[in-house]
Every structure is written in C-alpha cells, then in structure tokens.
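Below: one structure, written as structure tokens.
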Amino acid sequence: MKPQIFRNLVHQYLKSKSNRVRSFHTASRQPTIHQTAICNEILSIIDTSGPMEEALDHVLPFIDPDIAALVFREQKNLQLGLRFFIWATGKDKVRSLKLNGVVEDVVVKGESFELFWKTIEEMRSLGIGVGSDAFTVLISGYGRMGMAEKAVETFGRMKEFECKPDVYTYSSILQVMLKNGVYLLALAIYNQMIKSNCSPNVVIYNILIDGLSKSGRTSDALKLFDEMAEQGLSPDVFTYTAAIAALCGVKRTEDAKSLFNKMKDSGCRPDLVCGSTLLHGLCKVGKVDDALEVFEALKKDGLVIGASGYSSLIDGLFSADRVNEAYTWYDRMFDEGLEPDVVVYGIMLKALSKTGKVQEGMKLLREMSNRGVAPDVYCYNAVIKGLCDMGLLRKARALQFDMYKNNCSPNTCTYTILIRGMLENGLVEKAKELFSEMEKVGCLPSVWTYDSLIHGLCKIGELTEAQILFHKMEIGTNPSLFLRLSQGADRVLDSASLQILIEKLCDSGAVLKAYKLLRKLADSGVTPNITTYNILMSGMCKMQNISCAIKLFKELQINGHIPDSVTYGTIIDGLFRAGRDEDAFGMFNQMERRGIKPAVSVYKTIMTWLSRRGKVLSAINLWLTYLENLPNREVDIVKSARESFEKGDVEMAVRLLLEMDLKLKDFNVAPYTIWLVGFCQSRKLEDALKIFGVLKEFQVSISPPSCVMLIHNLCKSQHLDLAIDVFIYTLEEGIILMPRICNLLLISLLDSRDKAKHAFGLLRRMKSKGYDLEEYLHHSTRTLLEGYWIKRRGKNAAPG
1 MKPQIFRNLV HQYLKSKSNR VRSFHTASRQ PTIHQTAICN EILSIIDTSG PMEEALDHVL
61 PFIDPDIAAL VFREQKNLQL GLRFFIWATG KDKVRSLKLN GVVEDVVVKG ESFELFWKTI
121 EEMRSLGIGV GSDAFTVLIS GYGRMGMAEK AVETFGRMKE FECKPDVYTY SSILQVMLKN
181 GVYLLALAIY NQMIKSNCSP NVVIYNILID GLSKSGRTSD ALKLFDEMAE QGLSPDVFTY
241 TAAIAALCGV KRTEDAKSLF NKMKDSGCRP DLVCGSTLLH GLCKVGKVDD ALEVFEALKK
301 DGLVIGASGY SSLIDGLFSA DRVNEAYTWY DRMFDEGLEP DVVVYGIMLK ALSKTGKVQE
361 GMKLLREMSN RGVAPDVYCY NAVIKGLCDM GLLRKARALQ FDMYKNNCSP NTCTYTILIR
421 GMLENGLVEK AKELFSEMEK VGCLPSVWTY DSLIHGLCKI GELTEAQILF HKMEIGTNPS
481 LFLRLSQGAD RVLDSASLQI LIEKLCDSGA VLKAYKLLRK LADSGVTPNI TTYNILMSGM
541 CKMQNISCAI KLFKELQING HIPDSVTYGT IIDGLFRAGR DEDAFGMFNQ MERRGIKPAV
601 SVYKTIMTWL SRRGKVLSAI NLWLTYLENL PNREVDIVKS ARESFEKGDV EMAVRLLLEM
661 DLKLKDFNVA PYTIWLVGFC QSRKLEDALK IFGVLKEFQV SISPPSCVML IHNLCKSQHL
721 DLAIDVFIYT LEEGIILMPR ICNLLLISLL DSRDKAKHAF GLLRRMKSKG YDLEEYLHHS
781 TRTLLEGYWI KRRGKNAAPG
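Each step along the sequence shown adds one to the number in UniProt numbering, with nothing skipped, and position 424 is 424.
What follows is the structure in structure tokens.
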C-alpha cells in the first residue's frame with residue numbers, strides 16, 4: 001500500500017472514529033473498513049523483515065486498544081503476534097485489559113508459554129523494553145493452568161528485565177498465592193507493593209480480604225477492610241460480601257448485620273451472594289430467627305432467593321432441632337417453583353441420617369437421581385455415616401462401591417467415616433486395611449482421619465498404638481521441627497519468625513524460594529491440633545489413665561494450644577470416671593476463673609455423671625442454675641420448674657421448661673434425654689416415662705439412645721406393653737434401632753406366656769419399615785420363633 005493511500009485511510013478512520021463500533025471482538029459485530037485497513041497495514045509491517053518496532057512507532061498515533069486486539073487476533077504467526085503485544089506493553093496508549101485477555105486466552109489454549117518466554121528474551125536482546133502487562137499475562141495464564149510455582153517464578157524474574165509490577169501484576173500474583181494457600185507470602189507481597197509506592201485499588205483489597213477470610217485469617221482481613229476507608233476507597237458489593245463472610249466466620253454475626261445495614265445505607269445494593277452469605281452465617285450460629293428476618297427483607301428488596309438461601313435456612317433449622325419447620329421450608333421450595341439442588345439434598349440426607357432415618361435417606365438418594373440431580377460425595381457420605389452409626393457396615397461399604405457407578409469417587413471424608421464405623425464396632429484390622437487402601441487410591445489422610453483412628457484405638461484400649469500414631473503426626477508436620485531439620489538445629493522458628501523470614505526473602509527478590517518453603521511446610525503432613533489432643537486425652541480418660549490425660553493437658557498448653565471447652569469437658573469426664581468428683585468440680589471452677597464459658601456439652605457431661613451416681617435431682621438443679629444465668633430465660637418459670645421437681649411432679653416441671661424453650665425457639669433436647677436416662681438408671685421408670693410422654697406430646701424428637709434405655713429397662717421389669725409402645729414410636733419415626741435391643745424385646749415377648757403373638761406383629765411392622773430381618777435376628781431369637789410355631793402347629797393338630 002502506498003504511503004499516501006495509507007494516510008488517506010487513516011484520515012477517514014479518524015473522522016469516523018466517533019461512530020465506529022468499538023466492541024468488534026464479539027462475533028455479532030464486524031470491524032469497519034477503516035479498522036480493517038489499519039489492521040492490515042500493521043500486519044504488513046509486522047510481516048516484513050527488519051526493525052518492525054520502529055515502523056510500528058510511526059503508526060502509533062493511529063493505534064488504540066481495539067485495533068491492537070484485532071491485530072493480535074488476525075496475526076497468523078504467533079511469535080510475530082507476541083512481538084507486537086510485547087511492543088504494545090511499553091506504550092501506555094495501546095495497553096488494555098482487553099488486549100491482555102485476548103493474548104492470555106491464545107497463550108493458555110495453545111500452551112505457548114515457552115514461545116512467550118523466547119519472544120521476551122529476543123525483545124530484550126534488541127533493546128526493546130518489556131512492560132508489566134507481558135508478565136501479568138504470563139502470571140495469570142500460569143494461574144489458570146494450575147502452575148502456581150511458574151507464576152511465582154515469573155513474578156520473581158521481573159527484576160531481571162528491569163520491569164516494575166503494576167497494580168494489575170500484583171492483582172494476578174496475589175490471586176495465585178491465595179488460591180494456593182500461601183497466605184504469609186501473599187501478605188509479604190502486599191507489603192512489598194506498599195513499599196514500592198504502588199497504591200492498591202479496590203480489586204486488590206477484594207482479593208486479599210476474600211482470600212484471608214476464607215483461610216481463617218479474619219483479623220488480617222478486617223484490618224484491610226478498615227484500611228480501605230483510610231485510603232479513601234469505597235468498598236463495593238464484593239468487598240462487603242468478603243468482610244461479612246469474615247465476621248460470620250468468627251461468629252461476630254451482630255457486626256456482620258451492622259455492616260450489611262451500613263452497606264445498604266451507603267447506597268451499595270446487596271446482591272444475592274451477599275445476602276446468602278449473611279443468611280448462612282446467622283444460621284451457622286443458631287440465629288435462625290434473625291436469618292428469617294433477613295430472608296424476608298431480601299425478598300422485599302426484590303432479590304429472588306434461590307436454592308442457596310433455602311439451603312442455609314433448612315440447615316439452620318435442623319441444627320436448632322426445629323425439624324418440622326425445616327421440612328416446611330423444604331416443601332416451600334417446591335411451592336415457589338424451585339427445584340432442590342445437590343446442596344439442599346445433602347442437608348436433608350445429613351438430617352435424616354443423624355436422626356436414624358437411614359431408609360428414608362436411601363430413598364431420597366434414589367429420588368435425587370430420578371429428578372436428574374447427581375448425588376455428590378457429600379450426599380453419599382451423609383448416608384454412609386448414617387449406616388455406620390446404625391452398625392450396618394456391609395451396606396455402608398456397598399454404598400461406597402456404588403459411588404463409582406455414578407462417577408463419584410470416595411474422598412478422605414468417606415474413608416474417615418468408614419474407618420470410624422469399623423473401629424466403633426471393634427473391627428480394628430478392617431479399619432487399618434481401609435487406612436492402607438486410602439493411600440493406594442490417592443486419598444491422603446486428614447487430621448480427622450488420624451483423629452478417628454486414634455479415637456478408635458483409644459476406645460478399644462490400644463493406647464500405645466494410638467500414641468505412636470499421634471507422635472507420627474507431630475514428627476511429620478511440626479513447622480518448627482521441619483525447619484530445624486531442613487535448615488539447621490539453630491533455626492527453630494515460630495510463626496512470627498517465619499513471617500519475618502518470608503518478608504526478607506521477598507525483599508531480596510527470592511520470592512520463589514519463599515513460596516517453596518511455605519509449600520514444603522504445607523505438604524509435610526497433618527498437624528495435631530487441639531481436637532487431636534482432646535481425642536487422645538479422652539481415650540486416656542476412658543481407660544482410667546487420668547494422670548496421662550492431665551500430662552497431655554499441660555503439654556498442649558506448653559505447645560501453644562489454648563484449652564477450649566471440649567478440653568476441659570474431657571478432663572472433667574476423666575476425673576469423674578476415676579471417682580475424683582471433687583477434682584472434677586474444681587476443674588469446672590477453673591474454667592470459669594480463666595474466662596472460658598462452659599459449653600452445653602460440659603453441663604451435659606456433669607449431669608450425665610451425676611445421674612449415673614443416682615443424683616438426678618442434682619443434675620436437674622445444675623441445669624436450672626445454668627438457665628437462670630441466661631439472659632433470655634424467664635426466671636419465674638425456671639423457679640416454678642425447680643419447685644415442681646422438688647415436689648416430685650416431674651411431668652409439670654418438664655412441661656414448664658419445654659413450653660419456655662419452644663416459645664424462645666432455643667431448644668436443646670440433651671438435658672431432657674439425660675434426665676430420662678438417669679431416671680431409668682435409678683429404676684424410676686415412672687418418672688422416665690413421664691418425660692417420654694411430655695416430649696412426645698410436644699412433638700420433640702426423642703433420641704434413639706433414650707428409646708433404647710427405656711425399652712431395655714421396661715423389658716427387664718416386665719412392663720412389656722410399655723416397651724412395645726416405645727418401640728412402635730421408633731418405627732413411626734423411621735428410626736432403626738441396633739440389633740441388640742430389638743432382639744431383647746422380641747425374646748422378652750416370646751418368653752412371656754401371653755405376649756408372644758405380639759412379637760410376630762412387630763416383625764411384620766419392622767419389615768415394612770425397612771429392617772433387614774435376615775441381618776437383624778440373632779440365632780437365639782430365631783430358635784424361639786421356630787419353637788413357638790412348632791407349639792402352635794402341635795396345638796392346631798390336636799383333637800378339638
């Protein structure tokens with residue numbers, strides 16, 4: 001093309017620039033003839049040999065980001081296209097996120113990273129500067145491909161090319177680091193960004209706040225949120241969502257609600273994700289009524305609440321034991337025309353399994369597939385856990401194999417559930433086989449796997465093996481020990497000195513070395529946490545080795561762990577087991593002195609032991625004292641309940657407390673269950689049945705262990721009609737009891753003269769409710785059944 005013709009075309013292009021179509025990158029819009037002409041001219045310059053970049057400088061006034069993106073896309077020779085892009089990175093007028101995106105897509109799809117680096121090296125040898133956009137594209141591309149180490153290496157090499165990262169480069173590398181869990185390194189890079197006078201924008205803050213929040217570093221996330229205001233930056237909906245999630249993560253739901261309202265007042269309209277985040281946070285801490293208010297407010301604001309909002313509410317209601325309401329909201333989804341997603345089904349399956357309704361869970365699992373919703377590993381795990389809890393291990397294992405048929409692979413949690421199930425049923429060798437199988441199929445044991453195995457070993461008295469496993473965890477994962485072994489005995493570091501080391505490495509440009517160090521720490525194994533200590537201590541306590549448990553209690557504090565309510569509850573339980581009741585109450589008082597609020601589980605432990613000692617009224621008084629100190633309890637009602645208990649009117653006392661609990665929708669069935677079991681153990685069956693009757697009247701789900709204890713004691717005392725009533729209740733509720741108690745009831749009926757025929761009626765009902773009689777009936781039960789039928793046949797054959 002002659003120069004004059006080219007200049008004329010450029011002139012025409014500039015005249016029509018205001019009317020031209022900018023979004024020519026979409027399939028529905030084509031570039032104008034003027035754009036095409038300039039694009040072709042630039043392509044011809046690129047294709048000619050010689051100093052291409054000098055020629056491009058002459059047409060620079062006529063190139064903008066749209067033209068640059070078109071030129072790169074139309075270039076058939078990728079290396080020449082990359083040369084053009086790298087030239088463009090040094091020209092502020094041409095640089096754009098659109099151009100970066102086009103180049104990144106081409107490089108990633110073609111996996112052309114090596115060619116990109118080769119081109120960068122060639123451009124440097126020609127004395128042409130490489131702009132930060134080239135490195136931003138590489139970092140982002142590596143991140144998309146899951147090549148985090150290469151992304152970090154690219155960021156570190158920018159110094160070689162005398163190229164300073166800009167805000168977009170920092171944004172890309174921070175995303176990669178946070179995605180891969182190297183939070184210390186992310187914070188070090190952020191500090192480096194501030195030192196280099198590169199001001200973070202809203203996107204940078206969003207990435208950091210979201211990443212740190214999800215990693216549990218809530219205080220760091222919230223500090224950055226406050227820092228935004230100091231920098232004069234206004235949070236957007238994504239920022240608010242991340243900050244609300246951070247607050248909910250540490251149970252600061254009141255602050256989360258305040259921030260949500262502040263967001264609305266500032267004119268930043270919440271979206272569905274933000275609203276769902278607050279809903280989920282409120283439900284997780286049991287503030288279901290607050291969540292319901294937020295739900296209605298979101299609907300009033302015109303937001304269409306999807307399955308995620310319903311899933312949070314249903315889960316919250318189940319957790320608060322408001323089972324009927326949970327089912328109502330599940331049905332309401334269908335009324336609203338919403339199909340439950342896999343998350344909702346997972347919550348329903350978990351609730352069914354938790355309450356012993358395993359057969360209904362299996363049915364719902366099939367229903368999912370029929371509705372076109374593929375069960376995920378969470379759904380399978382919920383049902384497998386329910387089967388394991390019921391002792392139906394063969395069915396649980398069979399369901400694990402069924403997962404493969406539905407293109408769903410068992411994960412670490414699946415194996416952990418099965419291992420725990422095996423151990424709870426005394427199948428230690430089977431559990432160990434599963435533990436070995438995990439490694440063969442590529443499932444790495446988690447801290448919960450180790451915890452389950454240690455717990456199971458402790459339960460059957462294999463404390464030595466449990467301690468070996470515990471120390472294996474310590475050796476494999478302790479950061480201080482790892483650093484001592486890898487860097488010399490004089491380099492034992494705690495988390496604070498580790499952070500200083502990471503910052504020093506970053507400041508010296510050794511970002512890749514810092515990354516590799518942190519990854520080694522993360523990959524070195526599974527660290528024993530406070531839960532692991534609690535499990536091992538519990539095992540020691542159950543084996544009457546209280547001195548060793550107390551030694552562990554001291555050791556965990558030396559190692560930097562803070563005892564929580566579970567820790568104290570475990571030691572208190574152990575002291576009661578050892579008959580050291582006074583020391584147990586002393587430990588309870590120590591909790592309060594240290595400002596650790598006893599959880600309900602601690603009160604449950606103490607009440608359980610008091611009940612076992614025959615001191616059910618003392619257990620009840622302890623709970624009533626707890627209720628009197630709660631701000632939302634009516635003291636007069638608690639006082640009336642105490643007086644009723646003292647008079648022996650158990651039914652009235654329980655009725656008063658239940659009415660108060662249900663009115664406040666803050667219900668915990670555990671105390672009633674403990675009292676019911678306690679009265680059974682004290683042979684006060686009349687009082688136990690009164691509690692059972694009131695719970696049933698108020699439609700409160702009665703736990704399977706309570707039903708088992710009642711049936712057991714009623715059979716032993718020959719109150720078989722009442723035992724049948726309790727068993728029928730479990731059948732109506734869809735609860736499948738363990739084989740031992742079912743056989744006890746059936747044998748008791750068959751041994752009696754006038755109740756034997758009821759055994760056959762129960763067998764029919766059991767079968768209709770999903771009991772596998774082949775698996776459930778013991779040999780002795782079958783023998784009695786056969787004997788009964790032989791006698792019946794003999795009588796029918798006799799004359800008259």
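For glycine and all other residues, C-beta sits at the position ideal for the given N, C-alpha and C.
Owing to the predicted nature of the structure, the values given are computational and were not obtained by experimental measurement.
{"Asked": "C-alpha gap between residue 831 and Ala69, whole angstroms", "Found": "There is no way to answer for residue 831, as the model of the chain reaches only from 1 to 800."}
{"Asked": "The region 177-194 / the region 142-154 touching (three or more Cβ pairs under 8 angstroms)", "Found": "yes"}
{"Asked": "Contacting residues, own chain, Cβ-Cβ under 6 angstroms from Leu624 (five flanking each side not counted)", "Found": "Val638 and Arg642"}
{"Asked": "Cβ contact check for the region 295-306 and the region 326-333: 3 or more pairs under 8 angstroms", "Found": "no"}
{"Asked": "Contacts around Thr154, its chain only, beta-carbon distance under 8 angstroms, and the 5 residues preceding and following it disregarded", "Found": "Phe135, Leu138, Ile139 and Tyr142"}
{"Asked": "Three-state secondary structure assigned by DSSP to Asn589", "Found": "helix"}
{"Asked": "Residue from Glu74, Leu126, Gly127 and Arg124 whose Cα sits closest to the Cα of Val106", "Found": "Glu74"}
{"Asked": "Val304 in three-state terms, based on DSSP", "Found": "coil"}
{"Asked": "Sub-9 angstroms separation of Ala186 and Gly211 beta-carbons", "Found": "yes"}
{"Asked": "Exposed unless 16 or more other CB atoms sit within 10 angstroms - verdict on Leu773", "Found": "exposed"}
{"Asked": "Secondary structure of Cys408, DSSP reduced to three states", "Found": "coil"}
{"Asked": "Proximity below 9 angstroms, CB of Arg366 to CB of Cys388", "Found": "no"}
{"Asked": "Under the three-state DSSP convention, the category Lys287 falls into", "Found": "coil"}
{"Asked": "Nearest-angstrom Cα separation, counted from Ile747 out to Leu399", "Found": "32 angstroms"}
{"Asked": "C-alpha distance - Cys77 paired with Lys223, whole-angstrom precision", "Found": "First, the residue type needs correcting, since residue 77 is Asn and not Cys in the sequence shown. Using only the alpha carbons, I get a separation of about 48 angstroms."}
{"Asked": "Rounded Cβ spacing between Cys458 and Met543 (contact assumed at less than 8 angstroms)", "Found": "7 angstroms"}
{"Asked": "Under 9 angstroms between C-beta atoms of Val108 and Met145", "Found": "yes"}
{"Asked": "C-beta atoms of Val342 and Val304 nearer than 9 angstroms", "Found": "no"}
{"Asked": "Spatially closest choice to residue 801 from Thr412, Lys767, Thr730 and His280, by CA coordinates", "Found": "For residue 801 there is no data in the structure shown, the boundaries of the chain being 1 and 800."}
{"Asked": "Simplified DSSP state of Asn40, which is helix, strand or coil", "Found": "helix"}
{"Asked": "CA-to-CA distance, Ala584 to Cys379, given in whole angstroms", "Found": "40 angstroms"}
{"Asked": "Bounding residues of the alpha helix (DSSP H) (the contiguous stretch that carries Tyr450)", "Found": "Val447 to Lys459"}
{"Asked": "Contact set for Val103: own chain, Cβ-Cβ below 7 angstroms, skip 5 residues either direction", "Found": "Phe72, Phe85 and Val137"}
{"Asked": "Best match in Leu174, Asp133 and Glu646 for proximity to Cys163 [C-alpha to C-alpha]", "Found": "Asp133"}
{"Asked": "Met177, enclosing alpha helix (DSSP H) - first and last residue", "Found": "Val167 to Lys179"}
{"Asked": "Start-end ranges of the alpha helix (DSSP H) lying completely within the region 587-664, minimum 4 residues", "Found": "600-612, 616-628, 635-647 and 650-664"}
{"Asked": "Ile384 classed as buried or exposed, judged by whether at least 16 other C-beta atoms fall within 10 angstroms", "Found": "buried"}
{"Asked": "Buried or exposed (CB count within 10 angstroms, at least 16 for buried), Asp66", "Found": "buried"}
{"Asked": "Residues near Asn191 by beta carbon distance below 6 angstroms, same chain, minus five either side", "Found": "none"}
{"Asked": "Three-state secondary structure (DSSP) of Ser276", "Found": "helix"}
{"Asked": "Cβ separation of Leu278 and Ile244, assumed to be a contact under 8 angstroms, to the nearest whole Å", "Found": "6 angstroms"}
{"Asked": "Cβ-based neighbour list, Phe698, same chain, cut-off 7 angstroms, excluding 5 preceding and 5 following", "Found": "Leu658 and Leu662"}
{"Asked": "Nearest-angstrom Cα separation, counted from Val441 out to Lys504", "Found": "40 angstroms"}
{"Asked": "Whole-angstrom C-beta distance between Ile606 and residue 841, which should lie under 8 angstroms", "Found": "Beyond the ends of the chain as shown, which are 1 and 800, falls residue 841; an answer cannot be given."}
{"Asked": "Own chain, CB closer than 6 angstroms to Arg98, minus 5 neighbours either side, in chain order", "Found": "Checking the sequence shown, residue 98 turns out to be Lys, not Arg. Pro65 and Ala69."}
{"Asked": "Whole-number beta carbon distance between Val511 and Ile460, since they are thought to touch under 8 angstroms", "Found": "With a Cβ gap of about 49 angstroms, Ile460 and Val511 do not count as contacting."}
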